[in-house]
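Chemist: The structure under discussion is supplied below as structure tokens; questions concerning it will follow.
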Amino acid sequence: MTVLSGKTVLVTGGTGSFGKKITKKALELGVKKIIIFSRDELKQYEMKQEFDDTRLRFFIGDVRDKERLHRAFDGVDIVIHAAAMKHVDACEYNPFEAVKTNIHGAQNIIEAAIDCGVEKVIALSTDKACAPVNLYGATKLASDKLFVAANAYVGSKKTSFAVVRYGNVVGSRGSVVPFFKKMKSKGVLPITDERMTRFWITLEQGVQFVLDNLERMHGGEIFVPKIPSMKVVDLAKAIAPECDIEIVGIRPGEKLHEAMIMEDDARHTVEYDSYYVIQPEFPFWSSKFAEDGKNLPDGFEYTSNKNEDWLTIEELRTLAEEM
80 MTVLSGKTVL
90 VTGGTGSFGK
100 KITKKALELG
110 VKKIIIFSRD
120 ELKQYEMKQE
130 FDDTRLRFFI
140 GDVRDKERLH
150 RAFDGVDIVI
160 HAAAMKHVDA
170 CEYNPFEAVK
180 TNIHGAQNII
190 EAAIDCGVEK
200 VIALSTDKAC
210 APVNLYGATK
220 LASDKLFVAA
230 NAYVGSKKTS
240 FAVVRYGNVV
250 GSRGSVVPFF
260 KKMKSKGVLP
270 ITDERMTRFW
280 ITLEQGVQFV
290 LDNLERMHGG
300 EIFVPKIPSM
310 KVVDLAKAIA
320 PECDIEIVGI
330 RPGEKLHEAM
340 IMEDDARHTV
350 EYDSYYVIQP
360 EFPFWSSKFA
370 EDGKNLPDGF
380 EYTSNKNEDW
390 LTIEELRTLA
400 EEM
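Numbering (our numbering), first residue to last: 80 to 402.
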């Protein structure tokens, strides 16, 4: 038995890379029904042909539309919230659209989940939500805060909320890997800055991390996996060692290095073998929920450039080839 066995699960943004992968996994784990909630009818049509499973349902809808969420959440046990405006450039150019989707949408999900008696909601976040410098990161930080605080006002209802935060996903739409492969034929790969580092996680690992935390969540946690870092210039060398590298400069809203836990959060974070838990600073939280965890040392920061675990060029090449 797993947390999904016999349950009705809804995935927002379910036609994306993550949505497809977790749908496949959920069907294997004996889910009763899985509802794909997204805006794109073509992608839903294509996904329906790909999976061809009677337990699959498709809802056209937008997280900005609370009434539609109320209808979709009727009878749902678990919500996995993956819908978001994710592209940094698009969020910078269309700021209030990002606010409406990533912040207002998060609040709509919270209210609909409580009203409809959903048992568990887990929201996907990003390393860009930690000490954000771009609007995408700022909206996801606000979203994270909303989901954590939601546990304080569920009242007599049963809903619990948690967040998972991780870095760049190998093979997801918008990943730099297919971009580098596409540019390979030109003989030159554009790199924003040769010092740039990023956290790196596979799609399979990201999905499993969500499933693991659905099992262990009490409500209020931000779960952060221990994952390796990589140098972007090493990734370019792994994919196209024969190509020249052109330094084009950091784009608006980009960081040299990403972070997932900063010093101020570290004071209420506990460490486990393969992940961290950022604990909420609310009266509803009990320290016994994390009694097996280890407190972090003063001044601790979890950033991509200070990571102890690094991917080599050979490992990056293998990951890129497997994608």
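Positions of the beta carbon are idealized from the N, C-alpha and C atoms, including for glycine.
#1: For residue 116, report the span of its alpha helix (DSSP H) as first-last.
#2: Looking at residue 122 and residue 94, is the spacing between their C-beta atoms short of 9 Å?
#3: Between the alpha carbons of residue 235 and residue 320, how many angstroms are there, rounded?
#4: Mapping the DSSP letters down to three states, classify residue 91 as helix, strand or coil.
#5: Can you give me the start and stop residues for the alpha helix (DSSP H) that residue 149 sits inside?
#6: On a CA-only basis, which of 344, 87, 386 and 101 is nearest residue 224? Give me that one, please.
#7: How many Å lie between residue 177 and residue 240 at the Cα?
#8: Distance check for residue 89 and residue 216, CA to CA, integer angstroms please.
#9: Pick from 132, 150, 139 and 106: whose alpha carbon is nearest that of residue 119?
#10: Where DSSP assigns a beta bridge to residue 348, which residues make up the other side?
#11: Would you list the one or two residues that DSSP bridges to residue 239?
#12: Which whole-angstrom value describes the C-beta separation of residue 181 and residue 163, a residue pair presumed to lie in contact below a C-beta threshold of 8 Å?
#13: Pull up the distance between the alpha-carbon of residue 129 and that of residue 380, whole angstroms please.
#14: Could you check whether residue 108 and residue 375 sit closer than 9 Å to each other, using their CB atoms as the reference points?
#15: Can you tell me where the alpha helix (DSSP H) with residue 222 in it begins and where it stops?
#16: Residues in the same chain with beta-carbon distance under 8 Å from residue 270, minus the five sequence neighbours each way, listed in chain order, please.
#17: Classify residue 197 as buried or exposed, calling it buried when 16 or more other Cβ atoms lie within 10 Å of its own Cβ.
#18: Could you give the DSSP three-state label for residue 245: helix, strand or coil?
#19: Between residue 126 and the rest of its own chain, which residues show a CB-CB distance below 6 Å, the 5 nearest in sequence each way excluded?
#20: Judging by CA-CA distance, which residue of 255, 227 and 213 is the nearest neighbour of residue 403?
#21: For residue 182, report the span of its beta strand (DSSP E) as first-last.
#22: Would you mind reading off the limits of the beta strand (DSSP E) that contains residue 323?
#23: Distance, Cα to Cα, residue 237 vs residue 194?
#24: Near residue 233, what residues of its chain come up, given a Cβ to Cβ distance below 7 Å and the 5 sequence neighbours on each side ignored?
#25: Evaluate residue 330 with the Cβ neighbour count: other Cβ atoms within 10 Å of its Cβ, from every protein chain shown; 16 or more gives buried, anything less gives exposed.
#26: So is residue 150 buried or exposed if we call it buried at 16+ other beta carbons inside 10 Å?
#27: May I ask you to report which of helix, strand or coil DSSP gives residue 339?
#28: Report the residue from 338, 243 and 272 whose alpha carbon sits nearest the alpha carbon of residue 160.
#29: Give the range of the alpha helix (DSSP H) segment to which residue 267 is assigned.
Modeler: Well, looking at it:
#1: For this step, residue 116 is matched to residue 37 along the sequence shown. Taken as a continuous stretch (DSSP letters only), residue 116 belongs to no alpha helix (DSSP H), being part of the beta strand (DSSP E) at 112-117.
#2: Position 15 of the sequence shown, counted from the start, is the residue given in the question as residue 94. Position 43 of the sequence shown, counted from the start, is the residue given in the question as residue 122. Yes, they are a contact pair.
#3: Indexing the sequence shown from 1 puts residue 235 at position 156. Indexing the sequence shown from 1 puts residue 320 at position 241. Between residue 235 and residue 320, the C-alpha separation is close to 59 Å.
#4: Locating residue 91 in the sequence shown gives position 12, counting from the first residue. In the structure shown, residue 91 sits in a strand (DSSP, three-state: E or B).
#5: Locating residue 149 in the sequence shown gives position 70, counting from the first residue. Looking at the DSSP string, the run of the alpha helix (DSSP H) that includes residue 149 is 145-151.
#6: Position 145 of the sequence shown, counted from the first residue, corresponds to residue 224. The residue with the shortest Cα to Cα distance from residue 224 is 344.
#7: Start at 1 with the first residue of the sequence shown, and residue 177 comes out as number 98. Start at 1 with the first residue of the sequence shown, and residue 240 comes out as number 161. Taken atom to atom, the span from the alpha-carbon of residue 177 to that of residue 240 is near 22 Å.
#8: The residue you call residue 216 lines up with position 137 of the sequence shown. The residue you call residue 89 lines up with position 10 of the sequence shown. Looking at the two C-alpha atoms, the distance is approximately 24 Å.
#9: In the sequence shown, the residue the question calls residue 119 occupies position 40. It is 139 whose Cα lies nearest to the Cα of residue 119.
#10: Within the sequence shown, residue 348 is the residue found at index 269, counting from 1. According to DSSP, residue 348 bridges with 357.
#11: Counted from its first residue, the sequence shown places residue 239 at position 160. Note: residue 239 sits in a beta bridge opposite 199.
#12: The count along the sequence shown starts at 1 and reaches residue 181 at position 102. The count along the sequence shown starts at 1 and reaches residue 163 at position 84. That pair is a contact at about 5 Å.
#13: Locating residue 129 in the sequence shown gives position 50, where the first residue counts as 1. Locating residue 380 in the sequence shown gives position 301, where the first residue counts as 1. For residue 129 and residue 380, the distance between alpha carbons rounds to 42 Å.
#14: Start at 1 with the first residue of the sequence shown, and residue 375 comes out as number 296. Start at 1 with the first residue of the sequence shown, and residue 108 comes out as number 29. No, they are not a contact pair.
#15: Residue numbering aside, residue 222 sits at position 143 when the sequence shown is read from its first letter. If you look at residue 222, you'll find it in the alpha helix (DSSP H) that goes 214-229.
#16: In the sequence shown, counting from the first residue as 1, residue 270 sits at position 191. Hits under 8 Å: 311, 312, 315, 324, 325, 326 and 327.
#17: Within the sequence shown, the letter at position 118 stands for residue 197. Buried, by the Cβ-count rule.
#18: As a first step, residue 245 must be located in the sequence shown, where it is residue number 166. If DSSP states are grouped into helix, strand and coil, residue 245 belongs with coil.
#19: Position 47 of the sequence shown, counted from the start, is the residue given in the question as residue 126. Same-chain partners within the cutoff: 94.
#20: Outside the displayed span of the chain (80 to 402) sits residue 403, for which this structure offers no information.
#21: Position 103 of the sequence shown, counted from the start, is the residue given in the question as residue 182. Under the DSSP assignment, residue 182 falls outside any beta strand (DSSP E); it carries neither an H nor an E label.
#22: Start at 1 with the first residue of the sequence shown, and residue 323 comes out as number 244. Element bounds for residue 323: 323-326.
#23: The residue you call residue 237 lines up with position 158 of the sequence shown. The residue you call residue 194 lines up with position 115 of the sequence shown. Looking at the two C-alpha atoms, the distance is approximately 10 Å.
#24: Along the sequence shown, one-based indexing puts residue 233 at 154. Excluding its 5 nearest sequence neighbours in each direction, residue 233 has C-beta neighbours in its own chain below 7 Å: 193, listed in chain order.
#25: On the sequence shown, position 251 is the one that residue 330 refers to. Classification of residue 330: exposed, given that the 10 Å Cβ count is below 16.
#26: Here residue 150 refers to the residue found at position 71 of the sequence shown. Residue 150 counts as exposed, since fewer than 16 other beta carbons sit within 10 angstroms of its beta carbon.
#27: Position 260 of the sequence shown holds residue 339. Residue 339 falls in the strand class under three-state DSSP.
#28: Reading the sequence shown from its first residue, position 81 is the one you call residue 160. Among 338, 243 and 272, the Cα nearest to that of residue 160 is on 243.
#29: Within the sequence shown, residue 267 is the residue found at index 188, counting from 1. First-last for residue 267: 267-270, but that is the beta strand (DSSP E), not the alpha helix (DSSP H).
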